[in-house]
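Start counting the sequence shown at 66; every next residue gets the next number (the numbering used here). Built from N, CA and C at the ideal position, the CB exists for glycine as well. These numbers come from a predicted model, not from an experiment.
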Amino acid sequence: MATCPRCKGHLTEGHRCPRRQSLVAAEIIACAIGGGLVAWLTLIGFDPHGQVTDMDAVSFIAGALVAVGINRALRS
Ligand SMILES: [Zn+2]
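In structure tokens:
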């Protein structure tokens, strides 16, 4: 089977070179931070007095994971 001159992958029909690893990693990190911030700001919106401060990190991480999951699902 022919190999792609750029990424050395199998040159199948409809082959597209995978994007560079560093770019993918940067995108995932940006996505995680964005998702985490959105979830955190949403929590603050529902809790303006900061009564559930313990949830800060949890909401941020949950938002980050969801955002990354959506990003991965859309890319694959
Ligand atoms: Zn390729």
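Between the alpha carbons of residue 120 and residue 128 lies a distance of about 12 Å. The beta-carbon separation of residue 79 and residue 132, rounded to 28 Å, does not stay under the 8 Å limit for a contact. Here the alpha carbons of residue 76 and residue 113 stand approximately 55 Å from one another. Per the DSSP secondary-structure output, residue 68 pairs in a beta bridge with 75.
Scanning 93, 67, 70 and 86 for the CA closest to the CA of residue 135 turns up 93.
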